[in-house]
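Report on the structure given below.
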Amino acid sequence: MKLTTLLGLTALSFSTIVLANPIEDQIRIRQSTYAVMGWNTAKIKSQVVDHPATYNKDQVLTAVNTLAALAHSNLLEDLYDVGTDQGSGWKPTRLKVDYFQKQAEVKEINDRLIKETDEFKTIAVSGDVAAIKSQLGKLGATCKSCHDLIRIKE
Amino acid sequence: MRSIKLSVWDWPLRVFHWLLVVAVIGAYTTGKLGGSLTEWHLIIGRLTLGLIVFRLLWGFIGTQSAHFKQFFPTINRLKRYFKGEWHQLGHNPLGALSVFALLFILMALVSTGLFANDDIAYEGPLYPTVGKALSDQLTGWHGALVNFLLGLVVLHVGAIFYYLLHKKINLIRPMITGCKEVPIDEPLHPNNQPGFLRFALATLSAILVVYAVWNSEFRDYLALLAQ
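From first to last, the protein sequence lines stand for chains A and B.
Heads up: the first sequence begins at 5 in my numbering, then just goes up one per residue.
Heads up: the second sequence begins at 3 in my numbering, then just goes up one per residue.
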């Protein structure tokens, strides 16, 4: 009984740590998340836009699944605590100070990101390159709407 | 008053001008909207680079009223213009200031665009030569320069409408037809017949520069030749 309680408490404290990362960790992890998203988006673009001869259905599907998984990863709640508009991860964050006043718009874009990546999965399974290209455009526009809204221009 | 129709703008210059109008509107729109249109933003970037190279060369080997030295806004010319002593065909010294400013901003926009990235899927053709950190910086400048371009475009179009409505001088028609009605005792009769060889040289050079910028293998080959 004592042991179970101890284990339970340990588990609780771990989960608390996972939920509330220090600010710099949150910034670093979200920068990493977007880098992985960029890597996968670039891979899809390379295979369907720049070098169609290299199109590999499985690789594109894997990339789309990765994007969808990250879109569903709850990053808004986990990685954007109050205070994360200041500080440095791999490099200083470019989150605008008024991010926290734009929650409704941010939520709308996040929902759109989830919707577009989910639809992308069905399209990637179909193997229709023209449709993949067009969906990549819709996804890119979603990324851009968020960049324009909450990211400081360099 | 007797008047005579004179050629003010040669046809390559007029084609350049209106293609540049299309390019600026197209680049602005596709840049703002993003998504699939980014593909077009890069294509328009090639067109703009080609047009700028052509115009720079045409400013030296083109016809008389396209020559930079013909309309370079020197202090002396500006003084004469403000005293009302300037009567010549082509760009007046104040307009010339805006022409050089527009060309300069467009050069800066195209140059930074070549190294830019959109943090989504697209990169300018020379992105690999500078790396991400510097590219991000140049991308920032690329975006900021757009505001200067917009300001100059507003001045440019505003001045044209000021001439049209207030001074009753139509500057748009000569940029389409190339001709302007002037008093017969006009002091300057520029020779605006574009030479075919010169036109071919400027056009081919522009195409070559665009090709070299977008084709890394060709760039490597040029680097080898230079060694």
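Ideal placement from N, C-alpha and C gives every residue a C-beta, glycine not left out.
Values in this document were obtained by computation on a predicted structure and should not be read as measured data.
Query	Result
Going straight from the alpha carbon of residue 154 (chain B) to that of residue 111 (chain A), what length do you get?	37 Å
Quick one, are the C-beta atoms of residue 35 (chain A) and residue 47 (chain A) less than 8 Å apart?	no
Given that residue 47 (chain B) touches chain A, what residues does it touch there, using C-beta distances under 8 Å?	By Cβ distance, chain A contributes nothing, its closest Cβ being about 16 Å from residue 47 (chain B), past 8 Å.
Check the Cβ of residue 52 (chain A) against every Cβ in chain E and list those closer than 8 Å, keeping chain order.	Here chain E cannot be found, since the structure's protein chains are A and B.
Considering only the beta carbon of each residue, do residue 179 (chain B) and residue 56 (chain B) sit closer than 8 Å?	no
Between residue 91 (chain A) and chain B, is the shortest Cβ-Cβ distance under 8 Å, so that the two count as touching?	no
Nearest chain B C-beta to residue 36 (chain A) closer than 8 Å, yes or no?	no
Using the C-alpha atoms, what's the distance from residue 138 (chain B) back to residue 138 (chain A)?	26 Å
Going by beta carbon distance, what residues of the same chain come within less than 7 Å of residue 220 (chain B), once the five residues before and after it are set aside?	213 and 214
Sorted by chain position, which residues of the same chain lie with C-beta nearer than 6 Å to residue 150 (chain B)'s C-beta, five sequence neighbours on each side aside?	107
Would you say residue 228 (chain B) faces chain A, with C-beta separation under 8 Å as the test?	no
Using a Cβ-Cβ cut-off of less than 7 Å, give me the residues of the stretch 123-140 of chain B that come near chain A, in sequence order.	123, 138 and 139
Are the beta-carbon atoms of residue 142 (chain A) and residue 120 (chain A) separated by less than 8 Å?	yes
When you check each C-beta in the stretch 31-45 of chain B against every C-beta of chain A, which residues fall closer than 8 Å?	35, 36, 37, 38, 39, 40 and 41
Determine the extent of the alpha helix (DSSP H) in which residue 55 (chain B) is found, giving its start and end residues.	40-63
According to DSSP, is residue 85 (chain B) helix, strand or coil?	coil
Which residues of chain A have a Cβ atom closer than 7 Å to the Cβ of residue 142 (chain B), listed in chain order?	157 and 158
Give the C-beta separation of residue 5 (chain B) and residue 183 (chain B) to the nearest angstrom, bearing in mind that I take them to be a contact with Cβ-Cβ under 8 Å.	5 Å
Assuming residue 92 (chain B) contacts residue 10 (chain B) under a Cβ cut-off of 8 Å, what Cβ separation, rounded to an integer in Å, is found between them?	6 Å
Can you tell me whether residue 21 (chain A) is buried or exposed, with buried defined as 16 or more other CB within 10 angstroms of its CB?	Any reading at residue 21 (chain A) must be qualified, since the residue scores a pLDDT of 49, below 50, and its modelled position is unreliable; the value itself is stated next. Exposed, by the Cβ-count rule.
Tell me where the beta strand (DSSP E) around residue 100 (chain A) begins and ends.	That residue, residue 100 (chain A), is in no beta strand (DSSP E); it is neither H nor E in DSSP.
So with CB distances below 9 Å, who are the chain A contacts of residue 145 (chain B)?	157 and 158
Can you tell me whether DSSP reads residue 119 (chain B) as helix, strand or coil?	strand
Output the boundary residues of the beta strand (DSSP E) element that contains residue 183 (chain B).	181-185
Roughly how many angstroms lie between the CA atoms of residue 116 (chain B) and residue 168 (chain B), to the nearest whole one?	41 Å
Identify the continuous alpha helix (DSSP H) that holds residue 9 (chain B) and give its terminal residues.	Per DSSP, residue 9 (chain B) belongs to no alpha helix (DSSP H); it is in the beta strand (DSSP E), 5-9.
Measure from the alpha carbon of residue 102 (chain A) to the alpha carbon of each residue in A:84, A:117, A:92 and A:94, then state which is nearest.	A:84
Please report the residue range of the alpha helix (DSSP H) in which residue 28 (chain A) lies.	27-49
Exposed or buried, which one is residue 68 (chain A) when buried takes at least 16 other CB atoms within 10 Å?	buried
Have a look at A:93, A:70 and A:158 and flag the residue whose alpha-carbon is nearest the alpha-carbon of residue 25 (chain A).	A:93
Here's a check: name, in chain order, each residue in its chain whose Cβ is nearer than 7 Å to the Cβ of residue 127 (chain B), leaving out the five neighbours to either side.	116, 215 and 216
Under 8 Å, Cβ to Cβ, is there at least one residue of chain B near residue 150 (chain A)?	no
Which residues, taken in chain order from the stretch 94-126 of chain B, show a beta carbon closer than 7 Å to some beta carbon of chain A?	121, 122 and 123
Short check: CB of residue 99 (chain B) to CB of residue 83 (chain B), under 8 Å?	no
By the 8 Å beta-carbon criterion, what residues does the stretch 47-79 of chain A contribute toward chain B?	48, 49 and 53
Note down, in chain order, each residue of its chain lying with its Cβ closer than 8 Å to the Cβ of residue 143 (chain B), except the 5 sequence neighbours on either side.	110 and 114
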